[in-house]
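Protein sequence lines correspond, in order, to chains A and B.
Counting from 153, one number per residue, gives the positions in the first sequence under this note's numbering.
Counting from 153, one number per residue, gives the positions in the second sequence under this note's numbering.
Every residue gets a Cβ at the ideal spot worked out from N, C-alpha and C, and that includes glycine.
2 protein chains.
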Amino acid sequence: MNAEIITIGDELLIGQTIDTNSVYLAKKLEEIGIRVSRKTAISDSKSDILEMLHSAQNRVNLVIITGGLGPTKDDITKKTLVEYFNCGWRTDQSVLMHLAKIFATRGRELLETNKIQAELPDICVTLHNEVGTAPGMLFNENKKIVISLPGVPNEVHYLTEFEVLPKLQQFFNLPKVEHRTLVTLMVPESLLSKQLEAFESSLPEDLSLAYLPSYNCVKLRLSCKVLQKSENYLNDYFQKLQKAADPYVFCIGDETPANFIGNYLIKNNLSIATAESCTGGFIVNQLVQVPGISEILPGSILSYSNSIKHEELHVPQETIHTYGAVSEEVAVAMVDGVCAKFGVNIGIATTGIAGPTGGSPEKPVGLIFIAVKFNEKILVKKFKLHGSRLQFMERANNCAMAMVKEILEIKE
Amino acid sequence: MNAEIITIGDELLIGQTIDTNSVYLAKKLEEIGIRVSRKTAISDSKSDILEMLHSAQNRVNLVIITGGLGPTKDDITKKTLVEYFNCGWRTDQSVLMHLAKIFATRGRELLETNKIQAELPDICVTLHNEVGTAPGMLFNENKKIVISLPGVPNEVHYLTEFEVLPKLQQFFNLPKVEHRTLVTLMVPESLLSKQLEAFESSLPEDLSLAYLPSYNCVKLRLSCKVLQKSENYLNDYFQKLQKAADPYVFCIGDETPANFIGNYLIKNNLSIATAESCTGGFIVNQLVQVPGISEILPGSILSYSNSIKHEELHVPQETIHTYGAVSEEVAVAMVDGVCAKFGVNIGIATTGIAGPTGGSPEKPVGLIFIAVKFNEKILVKKFKLHGSRLQFMERANNCAMAMVKEILEIKE
């Protein structure tokens, strides 16, 4: 079964806001067997919303709209839905009570503007929004569903999990689409595709392989569109894929490299710390997104300046003087220093030039030395990374995770 | 003039990839006076691509497609464009030469798969992609333009800046849309909208105000749709907006709070360091996205464990014991410690519970103490933040930036 998502808001079209709601929604719908076949972003314009609702409802039986439910003048979704469904208005007492409660908790006065949130189209089912002020709405007309959600991400998450998915599961009864994903690191897409040529040719029609590239990282996703076969059917082909992609596989599953490493370290009770110069805490901040990491990550040092490299990490001033701050020798001294300081099993150190300024012909922007230490073993590598300041940090992080996997000899 | 963006790729629909390309493109097009009126994400399906091209070309004179130009089997955009325009193929020698060069530089063999990138529809103008292997393509049929770009973000950036924008500026001749943006922090959208009621009512028809909310932060964007008036016309109303929103204005312009603070510190040669516990380096990593920050940010400490709070930041063990690690007293000791350690003008310290675990009735998930020190002055505040682990860090970062502005008494 297919669905379409319509996101409403000028801010999505003018390039001021990145739409993460539809990404989240698509993933969650996929999990219950609903495929998003199209996503459309339109402006806060009545005629555009009406036209999109008409055309989307012609194509699919489920349309989800996000945005335009705020209390301000440019939020017109609710009014437009009343016009589209040609219905009236009602005041939802449960929403009113929820608003009173939420404003009391926050110690703020409940304004007339806020009370408007309780005025709803009279034919809709209210979707209770525990974490915000704008309720979701569900319209069921001739077995075709339209759902309207607010645009604030954590409210979309709450409503999806506790209202939308359970109600859709009840309403539709569908076969599940199954996926298996693995992550490759440090291999270009074209080389990977050559490596997988024979495997791809051997795929039966009901299986498909997708390449999902990002920085230094290509995810491979094998999908079974109709799971009429046994679960082993997809698993068997996924094992063939793992074998075919073997030298490049970083981990199995759909997770970030930092997430994989973080969880591995927690599970194996291995402690870690970073000493970052050019990556400015990016690597440790990827690791700390993993819940529970504080148990094995006591701390980290960001050391931009040479004096902090010396004072905090005990990098000898002579080493910095002889080889320069951006050098293999300094990276090694930094990783030694951070492991000794925090008494951790694993250390990661980075020194390089993130740009856009600070490069020279000898040491250009994008140059980075990464050192990883595990007990007494040290691995140090030089990379030349391209892209913006943030992309440089993302690539460096993936390089570091690949090195941690290498030094720990993790078999996947 | 209006344009539509079509993004192609199953990964955008299945929720595995966040689309930043269309956000970037919309912003850049807006700057040269082209308004994106619709964005549509569709799958790697020939029929969907053909249908969207037809319908988009019926609505607007400029259609930009991203994605589906990779060297692998699931990339079908180029073939579909040949079918759509009913044209033939040509080999582009300049692309072949570029491919040879790029593979030589990377020390990799040029495979037949890669050479396919030089096979182009014979009626298209080649858009040279210096930073990648897939060229962009421009089709001009009866004064209607279709542009096809790859899906890799830094390639989209390069092609847009050096090929797409100059060619579009040459082709179309359009009035500019002007925007003025300001950033408010720590005020809910509904309260802000009440505050701005009189201002909004006073706006003439050719000006519009949009609210762009994110975590603890609402951007206000005033737009002049047709700049027939003098530049002062928009500026005058923008000044009225600043006055109306006055108590809540964080900064003028469209930038992140961390970017504003980072640039302010660089400009005023004020040094800064952070001592972060629950925010895990998130705050310093927002600051280090500002080029040149390493001049005034010597280093930072991430101190999850109590022993590192004590050893590195000299937080007395008694303070931790008496008040708990998550307390006002520890936040103050941490900020004292980090300022002393690095000899900086400004310190930021955080201690709290990011969740999802680790909370208690007394100290629930979301509780955070933030201390900011400037020379001898210390400001410390307690917040209860909601949302996921990452949202908690984003909100905490905005709180910290507001506190830095407050303690420095920056007037905007």
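Cβ-based neighbour list, residue i, same chain, cut-off 8 Å, excluding 5 preceding and 5 following
i              : result
G303 (chain B) : T159, I160, G161, N173, T218, G219, G220, L221, G222
A178 (chain A) : I157, V188, K191
V234 (chain A) : G240, W241, P273
Outcome for residue i when other beta-carbon atoms lying within 10 angstroms are tallied against a minimum of 16
i              : result
F152 (chain A) : In the structure as shown, chain A starts at 153 and stops at 564, and residue 152 (chain A) therefore has no counterpart that could be examined.
E282 (chain B) : exposed
G405 (chain B) : exposed
P340 (chain A) : buried
E589 (chain A) : Outside the modelled stretch of chain A, which goes from 153 to 564, sits residue 589 (chain A), for which no answer is possible.
S446 (chain A) : buried
T243 (chain A) : exposed
M555 (chain A) : buried
A193 (chain A) : buried
E561 (chain B) : exposed
H250 (chain A) : buried
A552 (chain A) : buried
Q321 (chain A) : exposed
C-alpha gap between residue i and residue j, whole angstroms
i              : j              : result
T471 (chain A) : E481 (chain A) : 7 Å
M269 (chain A) : I201 (chain A) : It should be pointed out that residue 269 (chain A) corresponds to Gln in this sequence rather than to Met. Rounded to whole angstroms, Q269 (chain A) to I201 (chain A) spans 20 Å at the Cα level.
I275 (chain A) : I413 (chain B) : 49 Å
E528 (chain B) : K515 (chain B) : 29 Å
E558 (chain B) : E313 (chain A) : 39 Å
T265 (chain B) : K346 (chain A) : 8 Å
N292 (chain A) : T224 (chain A) : 27 Å
G476 (chain B) : N458 (chain B) : 10 Å
R373 (chain A) : T336 (chain A) : 11 Å
K131 (chain B) : A523 (chain B) : An answer regarding residue 131 (chain B) cannot be provided, because it is not within the stretch 153 to 564 covered by chain B.
E383 (chain B) : C376 (chain B) : 10 Å
Y367 (chain A) : N387 (chain A) : 27 Å
I184 (chain A) : V175 (chain A) : 15 Å
Q469 (chain B) : H462 (chain B) : 6 Å
L263 (chain A) : L248 (chain A) : 12 Å
S195 (chain A) : D358 (chain B) : 17 Å
T509 (chain A) : M545 (chain A) : 15 Å
H280 (chain A) : L317 (chain A) : 13 Å
F494 (chain B) : G259 (chain A) : 39 Å
N420 (chain A) : I448 (chain A) : 10 Å
Cβ neighbours of residue i in the same chain (closer than 6 Å, five flanking residues each side left out)
i              : result
H301 (chain A) : Checking the sequence, you will find Leu at residue 301 (chain A) rather than His. These residues qualify, in order along the chain: T218, G288, V308, L311.
A239 (chain A) : Contrary to the premise, residue 239 (chain A) reads as Cys rather than Ala in this sequence. Hits under 6 Å: P273, D274, I275.
D171 (chain A) : T159, L164
V487 (chain B) : G499, A501, A523, K525
F390 (chain B) : R332, L374
T426 (chain B) : I435, V436, S452, I500
Under 7 Å by beta carbon: chain B residues contacting residue i
i              : result
S576 (chain A) : Residue 576 (chain A) cannot be examined here, being either before or after the span of chain A that is shown, 153 to 564.
N266 (chain A) : S342
Q441 (chain A) : R541, L542
A178 (chain A) : L165, I166, G167
I194 (chain A) : R190
N437 (chain A) : G432, G433, F434, N437
Beta-carbon contacts of residue i that lie in its chain and below 7 Å, excluding the five residues immediately before and after
i              : result
L181 (chain B) : A155, V188
I254 (chain B) : T285
Y456 (chain A) : S429
K296 (chain B) : Q209, N213
G444 (chain A) : I418
L348 (chain A) : A396, A397
V478 (chain A) : T503, G504, I505, K515, L519, F521
Chain A contact residues for residue i, given Cβ-Cβ distances below 9 Å
i              : result
D171 (chain B) : I170, D171, S174, V175, K191
N325 (chain B) : Residues of chain A passing the Cβ test: none, with the nearest at roughly 21 Å.
Chain-ordered neighbours of residue i on chain A, where CB pairs are closer than 7 Å
i              : result
G539 (chain B) : N306
S566 (chain B) : Chain B is shown from 153 up to 564; residue 566 (chain B) falls before or after that span and cannot be answered.
L251 (chain B) : Going along chain A, no residue has its Cβ under 7 Å from L251 (chain B), so there is no contact; the nearest lies around 10 Å.
E182 (chain B) : I166, G167
Proximal residues of chain A, C-beta to C-beta of residue i below 8 Å
i              : result
I254 (chain B) : By Cβ distance, chain A contributes nothing, its closest Cβ being about 11 Å from I254 (chain B), past 8 Å.
Chain-ordered neighbours of residue i on chain B, where CB pairs are closer than 8 Å
i              : result
P223 (chain A) : E341, S342, S345
F494 (chain A) : I460
Contact set between residue i and chain E, taken where Cβ atoms lie within less than 7 Å
i              : result
T474 (chain A) : Looking for chain E here will not work: the only protein chains present are A and B.
* **alpha helix (DSSP H) segments (min. 4 residues) lying fully within the segment 425–496 of chain A** => 434–439, 458–465, 469–475, 480–494
* Asked: Could you give the uninterrupted runs of the alpha helix (DSSP H) lying entirely in the segment 198–285 of chain A, keeping only those of 4 residues or more?
  -> 198–211, 229–237, 245–257, 264–267
* Scan the segment 514–542 of chain B and note each continuous beta strand (DSSP E) run of 3 residues or more that stays entirely inside, going in chain order. => 519–526, 529–536
* Note down, one range per segment and in chain order, each beta strand (DSSP E) of at least 3 residues found wholly within the segment 334–392 of chain A. => 359–366, 369–376
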